[in-house]
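In this note's numbering, the protein residues as written are 273 to 574.
Every residue gets a Cβ at the ideal spot worked out from N, C-alpha and C, and that includes glycine.
Just so you know, these numbers come straight off a predicted model, no measurement behind them.
Remarks on the structure that follows.
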């Protein structure tokens with residue numbers, strides 16, 4: 273049911289968006305992390321324990337639910353549950369809609385946009401210019417294409433070969449959520465979130481590099497600058513992975529992306545404007561479409 277699960281999960285995501293928080297697996301994972309963090313000491317050992325507990329509980333719960341559904345498989349319950357769990361790991365609609373909404377706000381009400389941006393990017397947004405805010409939105413869009421779409425689909429497809437595709441996608445999402453909540457270099461998290469950050473780096477290593485190739489094929493006329501910029505600037509951010517999709521997007525759009533005081537991607541690119549956000553949405557939209565096409569073709573080939 274690999275293809276059926278994937279198509280239904282994507283359809284659920286695009287048509288319905290995110291489920292209510294009380295039944296959203298990722299929200300529940302986040303609540304578990306928060307509860308464990310409140311009881312933890314700021315050490316790497318506690319960070320490792322949190323990561324192990326969260327991943328184990330996530331995978332075990334998902335696996336047991338799937339097993340139970342397979343025994344009581346009426347009205348396609350097993351297919352529906354599998355699709356729902358996979359859908360919870362991807363966020364196509366949420367990513368595109370949120371980016372478009374904040375992008376519009378950057379143009380129409382910069383002060384309000386500055387208050388909304390910390391939900392997307394980890395930087396001080398209080399005095400960002402429109403160009404800097406536009407850059408932040410585009411950086412977040414390109415990076416989250418990997419985190420919220422490519423990586424979970426990648427792990428679902430790879431591990432579906434051995435019958436644990438849903439469990440693999442849930443594992444990735446647990447790791448990614450751990451990193452998003454703990455993987456910061458603040459005094460209280462630099463040790464506690466160390467393991468989570470390293471596991472997330474490892475999990476995204478292949479998808480981040482694969483993203484550039486998909487971007488290049490999605491918009492062939494910009495393939496060369498996409499690849500060249502990615503190869504040259506992927507090391508600009510401190511993260512070993514986020515620089516790949518961000519640099520790929522910068523090259524494809526011909527714009528300079530910059531986090532003030534941290535990194536600059538494509539120095540000779542022009543300064544981004546608010547008009548580049550819809551361009552970036554169309555570019556990432558084309559990349560997502562190609563990703564889904566390739567993801568549906570692979571199970572058919574197998």
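query	result
Cβ-Cβ separation, residue 462 to residue 484 (assumed contact under 8 Å), whole Å	Rounded, the Cβ-Cβ distance is 30 Å, inconsistent with contact.
Range of the contiguous beta strand (DSSP E) that encloses residue 450	Premise fails: residue 450 lies in the alpha helix (DSSP H), 437–454, not in any beta strand (DSSP E).
As assigned by DSSP and simplified to three states, the class of residue 529	strand
Residue 486 - containing alpha helix (DSSP H), residue span	466–490
Element boundaries [beta strand (DSSP E), containing residue 536]	535–537
Element boundaries [alpha helix (DSSP H), containing residue 430]	423–432
Closest Cα partner of residue 567 within the set 339, 427, 369 and 296	427
Every unbroken alpha helix (DSSP H) inside the region 334–367 [4 residues or more]	349–359
Alpha-carbon to alpha-carbon, residue 444 and residue 435	16 Å
Same chain only: Cβ atoms within 7 Å of residue 393, ignoring 5 sequence neighbours per side	408, 411 and 412
Backbone secondary structure at residue 542 - three-state DSSP	strand
Option nearest residue 290 by Cα separation, candidates 321, 305, 367 and 325	367
Residue burial classification, residue 417 (beta-carbon count within 10 angstroms, cutoff 16)	buried
Residue from 472, 318 and 320 whose Cα sits closest to the Cα of residue 424	472
The region 356–372 contacting the region 281–300, beta-carbon criterion three pairs below 8 Å	yes
Alpha-carbon spacing of residue 552 relative to residue 403, whole angstroms	14 Å
Exposed unless 16 or more other CB atoms sit within 10 angstroms - verdict on residue 336	exposed
Integer-rounded CB distance, given that residue 535 should sit under 8 Å from residue 509	5 Å
The alpha helix (DSSP H) enclosing residue 504, as first and last residue numbers	495–505
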